[in-house]
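> Protein chains in written order, with the numbering used here: chain X, 3 to 390; chain A, 3 to 390.
Before I ask anything, here is the structure I am working with.
2 protein chains.
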Amino acid sequence: MIACPKCSEVGSIMKAGYVRNKQRYVCKNCNYFFTLSAPEQLSSTKKSRRHQTTIIDIARSIGVSNSTVSRALHGHVDINPETRQAVLDMAAKLDYQPNQLAYNLVKSKTNTIGMIVPEFHNPFFPNVIIGAHDVLTAEGYNLTIMQSNESYAVEVSNTKAMLANRIDGLLISLTQETNSFEHLQVFEKRGIPLILFNRVCDDVAAPKVVVNDFEASFMAVEHLILNGYERIAHLGGPLNLLVSRERLRGYRAALEKHGKSIEEDLIIQGMLSQQKARIYGKYLLELENRPDAVFAVNDSAAIEIMLMAAEKGIRVPEELGVVGFSDNPESAYIGPGLTTIRQPTLEMGKTTAKWILQMLDAEEEMNFPQERILKTELVIRGSSLRKA
Amino acid sequence: MIACPKCSEVGSIMKAGYVRNKQRYVCKNCNYFFTLSAPEQLSSTKKSRRHQTTIIDIARSIGVSNSTVSRALHGHVDINPETRQAVLDMAAKLDYQPNQLAYNLVKSKTNTIGMIVPEFHNPFFPNVIIGAHDVLTAEGYNLTIMQSNESYAVEVSNTKAMLANRIDGLLISLTQETNSFEHLQVFEKRGIPLILFNRVCDDVAAPKVVVNDFEASFMAVEHLILNGYERIAHLGGPLNLLVSRERLRGYRAALEKHGKSIEEDLIIQGMLSQQKARIYGKYLLELENRPDAVFAVNDSAAIEIMLMAAEKGIRVPEELGVVGFSDNPESAYIGPGLTTIRQPTLEMGKTTAKWILQMLDAEEEMNFPQERILKTELVIRGSSLRKA
DNA sequence: AACGTATCCGCAAACGTTACCGATACTTTT
DNA sequence: AAAAGTATCGGTAACGTTTGCGGATACGTT
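As structure tokens, this is what we get:
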């Protein structure tokens, strides 16, 4: 028979249902409900969680209160130097590691900046990350990176995860697919600093860091024109990206300035995977009246064009001028060298990070300058030098 | 006169020192100590912290308890479907975002894996990151990345930060400088899963993921030998890195197998910045009896050699064979193409990540296989094809 | 003595969740 | 109808910090 844990009666116990698969009892005598704890089922599985020494441990071992320890560890004023030293010694002795999680919870901040990038394969974003990482860690912040993989759905889920993890601020570069922005407006609503970089949009009231795509594109195309190229094709990015539109605008503007007619069938926009680049390149180079130059929106597409030209026996730069965008490492080494536009990637990371730190410092919502435009540089190599 | 906030006596108040610059009083009647709160100093500065809706808010608005809400949100069994729906609706209505911080604290885990890499400039580590990131996010884990910048001190501080942030596991690739390992043994002591990859050492009892550096190096050098090169120099990495030693070992073994003598002054070890590569390359190419091939420990050094050879009018591959290591993107495009060893970077990231997830699943400290060796691939391009 | 001052320390309430242990009302079985 | 079982829900103690404010003590000053 079972005895009541409370009144120790033995005859008065009866069953009272199940609680989570455990038989439940009630004592008719003292009306006490209880379950029998599982017969100590030898659960060596349960691996008693290794105890991390906490502030409380320190407090107990030297006979002061938690608050004293906390204050001592943070160099607070209201503390006796001797006490402080004792705390510090004991902390060292017990190998105390502060629990950032508890700190985060009580302070409701994480000292972490989030960053979402669409992809990782070009050296562009890794470089931006380096830049941001450098200035953030120098200021004691962490950086957690997520990759949206050019998918809007993933981007949304990433932002949600960032919110749940209570990052202090977010740096984001949008997906090719991103056309709606509620997931970003949340940050504004919550008062969490947000900065868009590189792949930006106009629908979010947040600071933006970009490069001078229009000017860069203009420079590139003008450079081709000045080198005697007449019919310049444009292999552009998807038009829902602002950068693509800006670069297209620059292309058109340069042609117009120099009185060239714009041939719409020499303009192709779309997301430029390597495969697509091959398809579009084939189309362009097999046109019966083929262009004598191509301005591509990124270096890999430009390189694809150069390789294809080589296959077809079209000489670069004599019969075909090529200019890319980004200055990937391989662009310096290919064929005659690819003329391209170098982007200040590291600087972009650094300025973005510095900016968000400023926003964090300023408790008040200041009127920040809304956009920062970084300068690119035209790197002239062999692929565009017909005149010389 | 001042009235006692407790007993409302008026005449019995007298000063009792200062506390944090505020006048303090004591009531002689009820012996109550108090300070007068500052006269409500209109602090609109204080920007009332925007309230995040919590579980408690939901609970209150539909008149249930916190536990019920928590259970409802997690699809627990013990819950009435109607209640669950009500909770879910209210959560949506109030735009509830779970506070991961609180969750982390109570569960003492963060669903986050840390990763420390020495640098970011080669495409190698970014690619590893992509691989790891993919499998981790697929399993609902986050990845926070830190960069030790090839500095031991930074590496140590990184690991400390990781510990403080209570990551669930750590993936690390060591610094060139790292020769002591207490900062890693801590993880073992704490029972936090740890995996070394690429830059590993033997002094830490943790799983390791590496490539077959020895074999790869052997293959590369043998390939040079089979192509008729006689005196093969080796531009190696710093010898405290295991990879460097393995590659050196492979180099020696290949020479020995084919009965070549090993000329020690054709072997240079050291950290291969671009500048150093130039210096060493100059030394090698200006040797009065210069080598007819170079096996470099990374592609950038190999490319530096090729460029320098071009400057000096030394023809590659006719007069100088070159083989690199890593297959950087530029290696496919330079000069005659750089023969090099392709490393399975993505796979390295993936296997490392999968492995640590296994370790997390297995509560017990299982006997994991201690090392996993991934296969590399010799990519043969023009820079080493003299025979053909 | 009686009062004023400065210094140091402790109490306890947050922070938002989770999960254990019960409790209640209702349904089914004996 | 009593006993047993089921389905839901609530109370509350953790988790480890930080911090506002009250309390105690020792010392200085009338």
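Virtual Cβ for every residue (Gly too), placed ideally from N, Cα, C.
Mind pulling the chain X residues with CB within less than 9 Å of residue 332/A?
Taking the first residue of the second sequence as position 1, residue 332/A is located at position 330. What residue 332/A touches in chain X: 330, 331, 332, 333, 334, 335, 336.
> For the 8 Å Cβ check, are there 3 or more pairs between the segment 135-155 of chain X and the segment 197-205 of chain A?
Segments in contact, no.
> Going straight from the alpha carbon of residue 124/A to that of residue 347/A, what length do you get?
Walking along the second sequence from the start, residue 124/A turns up at place 122. Walking along the second sequence from the start, residue 347/A turns up at place 345. Whole-angstrom Cα-Cα distance: 11 Å.
> Excluding the 5 residues flanking residue 383/X on each side, which residues of the same chain have their C-beta closer than 8 Å to its C-beta?
The residue given as residue 383/X occupies position 381 in the first sequence. Result list for residue 383/X: 333, 334, 338, 339, 340, 341, 342, in chain order.
> Are there 16 or more other CB atoms within 10 angstroms of the CB of residue 352/A, so buried, or fewer, so exposed?
Looking up residue 352/A in the second sequence gives position 350. The residue is buried, with at least 16 neighbouring Cβ atoms inside 10 Å.
> From residue 10/A to residue 32/A, what does the alpha carbon distance come to, in whole angstroms?
Here residue 10/A corresponds to residue number 8 of the second sequence, with the count starting at 1. Here residue 32/A corresponds to residue number 30 of the second sequence, with the count starting at 1. Whole-angstrom Cα-Cα distance: 9 Å.
> Exposed or buried, what is residue 5/A when buried is set at 16 or more other beta-carbons lying within 10 Å of its beta-carbon?
Locating residue 5/A in the second sequence gives position 3, counting from the first residue. Exposed, since its Cβ has fewer than 16 Cβ neighbours within 10 Å.
> Hey, out of 121/A, 374/A, 210/A, 134/A, whose CA is closest to residue 178/A's CA?
Taking the second sequence and counting its residues from 1, the one referred to as residue 178/A is at position 176. Ranking 121/A, 374/A, 210/A, 134/A by Cα distance to residue 178/A puts 121/A first.
> So, are the CB atoms of residue 116/A and residue 148/A less than 8 Å apart?
As a first step, residue 116/A is located in the second sequence; it is residue number 114 there, counting from the start. As a first step, residue 148/A is located in the second sequence; it is residue number 146 there, counting from the start. Yes. Within cutoff.
> Chain X partners of residue 122/A, CB-CB under 9 Å?
Translated into positions along the second sequence, residue 122/A becomes position 120. By Cβ distance, chain X contributes 128, 129, 131, 132, 135.
> Can you tell me the Cα-Cα spacing of residue 172/A and residue 145/A, whole angstroms?
Indexing the second sequence from 1 puts residue 172/A at position 170. Indexing the second sequence from 1 puts residue 145/A at position 143. Residue 172/A and residue 145/A: Cα-Cα distance of roughly 10 Å.
> Residues bridged to residue 364/X by DSSP?
Position 362 of the first sequence holds residue 364/X. BP columns for residue 364/X are empty, so no partner.
> Given this structure, state the Cα-to-Cα distance separating residue 129/A from residue 331/X, to the nearest angstrom.
Here residue 129/A corresponds to residue number 127 of the second sequence, with the count starting at 1. Here residue 331/X corresponds to residue number 329 of the first sequence, with the count starting at 1. For residue 129/A and residue 331/X, the distance between alpha carbons rounds to 15 Å.
> With a threshold of 16 other CB atoms inside 10 Å of the CB of residue 313/X, please say whether the residue is buried or exposed.
Along the first sequence, read from residue 1 onward, the residue named residue 313/X stands at position 311. Classification of residue 313/X: exposed, given that the 10 Å Cβ count is below 16.
> If residue 279/X sits next to residue 306/X, beta carbons under 8 Å apart, how far is it from one beta carbon to the other, in whole angstroms?
By one-based count along the first sequence, residue 279/X stands at place 277. By one-based count along the first sequence, residue 306/X stands at place 304. That belief holds up - the Cβ atoms of residue 279/X and residue 306/X are roughly 4 Å apart, short of 8 Å.
> For the putative contact between residue 301/A and residue 263/A, defined by C-beta atoms under 8 Å, what is the C-beta separation to the nearest angstrom?
As a first step, residue 301/A is located in the second sequence; it is residue number 299 there, counting from the start. As a first step, residue 263/A is located in the second sequence; it is residue number 261 there, counting from the start. In fact, because the Cβ distance is near 28 Å, the residues do not count as touching under 8 Å.
> Tell me the rounded alpha-carbon separation between residue 15/A and residue 25/A.
As a position in the second sequence, residue 15/A is number 13, starting the count at 1. As a position in the second sequence, residue 25/A is number 23, starting the count at 1. Using only the alpha carbons, I get a separation of about 12 Å.
> So if DSSP puts residue 328/X in a beta bridge, which residue, or which two residues, is it bridged to?
Counting from 1 along the first sequence, the entry for residue 328/X is found at position 326. DSSP lists 344/X as partners of residue 328/X.
> Using a Cβ-Cβ cut-off of 8 Å, state whether residue 147/A counts as contacting chain X.
On the second sequence, position 145 is the one that residue 147/A refers to. Answer yes: the Cβ-Cβ gap between residue 147/A and chain X drops below 8 Å somewhere.
> Examine chain A for any beta-carbon lying closer than 8 Å to the beta-carbon of residue 322/X, and answer yes or no.
By 1-based counting over the first sequence, the position of residue 322/X is 320. So, not an interface residue.
> When the Cβ atoms of the segment 91-100 of chain X are set against those of the segment 51-71 of chain X, are three or more pairs found closer than 8 Å?
The segment 91-100 of chain X is in contact with the segment 51-71 of chain X.
> Starting from residue 189/A and walking both ways along the alpha helix (DSSP H), at which residues does that stretch end?
Taking the second sequence and counting its residues from 1, one reaches residue 189/A at position 187. From DSSP, the alpha helix (DSSP H) with residue 189/A extends over 184-192.
> Report the residue ranges of all alpha helix (DSSP H) runs contained in full by the segment 199-253 of chain X; include only those spanning at least 4 residues, in chain order.
Correct list: 215-228.
> What are the complete beta strand (DSSP E) segments, minimum 3 residues, inside the segment 137-173 of chain A?
Counting only runs of 3 or more, we get 144-149.
> Take the Cβ of residue 2/A as the centre, count every other Cβ of all protein chains shown within 10 Å, and call the residue buried at 16 or more, exposed below.
Given a span of 3 to 390 for chain A in the structure shown, any question on residue 2/A remains unanswerable.
> Do residue 272/X and residue 304/X have their CB atoms nearer than 8 Å?
Counted from its first residue, the first sequence places residue 272/X at position 270. Counted from its first residue, the first sequence places residue 304/X at position 302. It is not a contact, given that the beta carbons lie outside the stated cut-off.
> Should residue 375/X go down as buried or exposed, given a rule of 16 or more other Cβ atoms within 10 Å for buried?
Counting from one through the first sequence, the residue named residue 375/X turns up at place 373. With fewer than 16 Cβ atoms within 10 Å of its Cβ, residue 375/X is classed as exposed.
> Across which residues does DSSP place residue 380/A in a beta bridge pair?
Position 378 of the second sequence holds residue 380/A. Note: residue 380/A sits in a beta bridge opposite 343/A.
> Anything in the segment 102-113 of chain X with a Cβ closer than 8 Å to a Cβ of chain A? List those residues in chain order, please.
Per Cβ criterion, the list reads 102, 103, 104, 106, 107, 110, 112.
> What are the residues of the segment 159-170 of chain A that lie near chain X, defined by any Cβ-Cβ distance shorter than 8 Å?
Those would be 162, 163, 165, 166, 167, 168, in chain order.
> In chain order, what residues of the same chain lie with their CB nearer than 6 Å to the CB of residue 252/X, ignoring the 5 residues before and after it?
To locate residue 252/X, count along the first sequence from 1; it is residue 250. Counting only Cβ-Cβ distances below 6 Å, and skipping sequence neighbours, we find 216, 219, 220.
> Using Cβ-Cβ distances below 7 Å, what residues of the segment 179-211 of chain X are close to chain A?
Result list: 192, 193.
> Under the three-state reduction of DSSP, which class applies to residue 17/A: helix, strand or coil?
Numbered from 1 along the second sequence, position 15 holds the residue referred to as residue 17/A. Residue 17/A: strand per DSSP, three-state reduction.
> Can you tell me the Cα-Cα spacing of residue 92/X and residue 68/A, whole angstroms?
As a first step, residue 92/X is located in the first sequence; it is residue number 90 there, counting from the start. As a first step, residue 68/A is located in the second sequence; it is residue number 66 there, counting from the start. If you take the alpha carbons of residue 92/X and residue 68/A, they lie about 38 Å apart.
> Kindly indicate the opening and closing residues of the beta strand (DSSP E) around residue 271/X.
Your numbering for residue 271/X matches position 269 in the first sequence. That run of the beta strand (DSSP E) goes 269-271.
> Which same chain residues end up closer than 7 Å to residue 336/X when comparing Cβ atoms and leaving out the 5 residues on each side of it in sequence?
Numbered from 1 along the first sequence, position 334 holds the residue referred to as residue 336/X. Only 305, 308 meet the Cβ criterion.
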